[in-house]
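Below you'll find the structure, written out as structure tokens, and then a few comments.
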Amino acid sequence: MLSGHGMPYETGLAAFHAVRDAGLLTRCPDERELEWVLRAPLDVGGRTVHYRFPTQRARWLAAALRHVCTQRPPKNSHELRDWLMLAPGIGPKTAGWIVRNHLGSDDVAIIDVHVLRAGTNAGVFDPAWTPISDYPRLEAFFLAWAGYGGVRAADLDAVIWSERAHSARVPGRRTRVK
């Protein structure tokens, strides 16, 4: 919830560490406490960075923490994902990431820009599909793709991310999974 489109991963991670180190993840803090921490300068790789959208993210995080603190989460992968998506600021990608990492589940997908690009390039996804309107379809096709290849969904994710990271280091090379 503290990173996202247009925000470097390192900035989101630094914001998470700041919130965690302030002890705000072990209770249900209010928005003001979270916003105060998110407005403070962050150290990201030796650089001082100011977090984007501290008010909005504090509101979402406070609501999500309230949701988690006051209700018992389901144990089933799909039910847990749907339950998480009831909290403001948690969409299917974030909920899938939580389920995948918390339960070790391969029953849900994490459709991000890299998975979308790789699936489209491989001919698995229709180029007209978008995560906003077609997330369930993308998830079903991604899980079928992993199953067809005889690999866990998490492993297919890892290969796509590894290829993306490698391509980012090789000038002129574009990510293309076939």
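Read left to right, the sequence shown gives residues 1 to 178 (UniProt numbering). For every residue, glycine included, the Cβ atom is placed at its ideal position computed from N, Cα and C.
- Going by beta carbons, valine 37 and alanine 18 fall inside the 8 Å limit.
- The alpha-carbon separation between arginine 59 and phenylalanine 142 amounts to approximately 32 Å.
- Between glutamate 31 and leucine 24, the C-beta spacing is not below 8 Å.
- Glutamate 10 is positioned such that its CB atom lies closer than 8 Å to that of glycine 45.
- Take aspartate 157, set aside five residues on each side of it, and the residues of its chain with a beta-carbon closer than 7 Å to its own are Ile110, Val115, in chain order.
- In this chain, the alpha helix (DSSP H) harbouring valine 68 covers 54-70.
- When only Cα atoms are considered, arginine 72 and arginine 57 end up about 23 Å apart.
- Look at valine 108 here: in three-state DSSP terms it is coil, with no helix or strand label.
- Selection Val124, Arg117, Ser162, Glu139 evaluated against alanine 95 yields Glu139 as nearest (Cα-Cα).
- Residues of the same chain with a CB within less than 6 Å of the CB of arginine 39, apart from the 5 flanking positions on each side, are Pro54 in chain order.
- For a cut-off of 8 Å, the C-beta gap from alanine 146 to arginine 137 is around 15 Å, too long to register as a contact.
- For leucine 42, the three-state secondary structure derived from DSSP is strand.
- DSSP places threonine 48 within a strand segment (E or B) once states are collapsed to three.
- With contacts defined as CB atoms closer than 8 Å, isoleucine 132 and methionine 1 fail to qualify as a contacting pair.
- Taking a C-beta distance under 8 Å as the contact criterion, proline 29 and leucine 65 qualify as a contact pair.
- Exposure of serine 162 is indicated by the presence of fewer than 16 other C-beta atoms within 10 angstroms of its C-beta.
- In the same chain as aspartate 112, and ignoring 5 residues on each side of it, the C-beta atoms closer than 7 Å to its own belong to Lys93, in chain order.
- Of the residues Tyr135, Thr130, Thr48, Val124, the one whose Cα lies closest to the Cα of tyrosine 148 is Val124.
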